[in-house]
């Protein structure tokens with residue numbers, strides 16, 4: 678799905694937002710954005726609805742949408758510019774980069790500890806067992822993510838495929854990654870307004886399909902904070918249980 682002619686020239690002329698050779702920016706992404714804000718990336722951005730919306734919602738965070746197809750970069754660019762124009766009255770999209778790249782080469786595009794969050798949204802489930810290594814939650818990919826994520830790094834994963842979700846739970850566990858906010862039906866009680874939907878997600882919700890989601894805690898700092906939160910919750914549950922026992926007596 679490569680663009681040709683004038684449309685291809687249009688991509689090459691959008692160096693403010695489109696990055697066709699991301700390997701040249703390895704270790705220098707903060708220079709591209711012109712600040713030291715956290716960097717979040719969506720691996721496989723599709724038409725760009727998810728990453729464009731996040732960029733408009735959170736101007737204090739830098740976002741990267743990555744895909745292998747030029748046509749999707751073009752659509753993502755058009756969508757992002759339209760959104761920022763309508764909602765921010767801005768001709769620029771200062772905190773978003775749309776990258777032509779393959780997650781296979783993630784560690785060639787980003788330096789160690791350069792990213793803060795990775796989004797994996799509705800990745801190809803590769804249902805045949807012989808294709809297991811192609812799944813983006815396979816341990817070989819998790820090693821890449823761990824390398825480029827910093828000490829508050831996280832992975833946020835969503836899918837409509839139960840088989841992929843089950844595979845991913847095992848994969849994260851086998852890789853000794855702590856998981857939190859695991860959901861087997863994310864929008865059971867209504868669409869989560871605190872989260873941004875992808876195009877696929879909106880379609881699946883309309884069809885009544887459950888959305889599976891989890892967050893994996895990678896960085897040491899966020900892992901320590903997570904463990905502290907869990908310990909406090911357990912203490913509170915114990916306190917409430919003890920109080921209840923006394924009240925019943």
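Numbering (the numbering used here), first residue to last: 678 to 926.
For each residue, glycine too, the CB sits at the ideal point set by N, CA and C.
Going by DSSP, residue 728 is part of the alpha helix (DSSP H) stretching over 726-734. Below 8 Å, enough C-beta pairs join the segment 749-761 and the segment 711-724 to call them touching: three or more. Here residue 699 is actually not in contact with residue 820; their C-beta atoms are around 20 Å apart, not less than 8 Å.
In this structure, the straight-line span from the alpha carbon of residue 764 to that of residue 732 is close to 12 Å. Per DSSP, the beta bridge partners of residue 743 are 720 and 776.
Note that the segment 852-867 does not touch the segment 775-783; fewer than 3 beta-carbon pairs, one per stretch, sit closer than 8 Å. Spatial neighbours of residue 790 in its own chain (CB-CB distance under 6 Å, excluding positions within 5 residues in sequence) are listed in chain order as 827. Judged by DSSP secondary structure, residue 817 falls outside any beta strand (DSSP E) and instead within the alpha helix (DSSP H) spanning 816-825. Residue burial is scored here from C-beta neighbours: residue 729 has at least 16 other C-beta atoms within 10 angstroms and is therefore classed as buried. Residue 738: not part of any alpha helix (DSSP H); DSSP gives it neither H nor E. Of 769, 693 and 890, the smallest CA-CA separation from residue 872 is found for 890.
Assignment of beta strand (DSSP E) within the segment 838-891, counting only whole runs of 3 or more residues, yields 855-860 in chain order.
Under the DSSP assignment, residue 794 falls in the beta strand (DSSP E) whose first and last residues are 792-798.
Nearest to residue 839 by C-alpha distance, out of 749, 863 and 870, is 863. Counted as a single uninterrupted DSSP element, the alpha helix (DSSP H) harbouring residue 708 occupies residues 706-710. Restricting attention to 761, 712, 783 and 714, the CA atom closest to the CA of residue 701 is found in 783. Straight-line measurement puts the Cα of residue 758 at about 6 Å from the Cα of residue 770.
Where residue 783 is concerned, the enclosing alpha helix (DSSP H) starts and stops at 783-786. Closest by C-alpha distance to residue 893, out of 744, 816 and 801, is 816.
The C-beta separation of residue 833 from residue 877 comes to about 15 Å, leaving the pair out of contact by the 8 Å criterion.
Judged by DSSP in its simplified three-state form, residue 898 adopts helix. Nearest in C-alpha terms to residue 895, of all of 792, 687 and 708, is 792. The distance from the Cβ of residue 781 to that of residue 703 is about 15 Å, inconsistent with a contact at the 8 Å cut-off.
Of the residues assessed, residue 906 falls on the exposed side of the cut-off, its CB having fewer than 16 other CB atoms within 10 angstroms.
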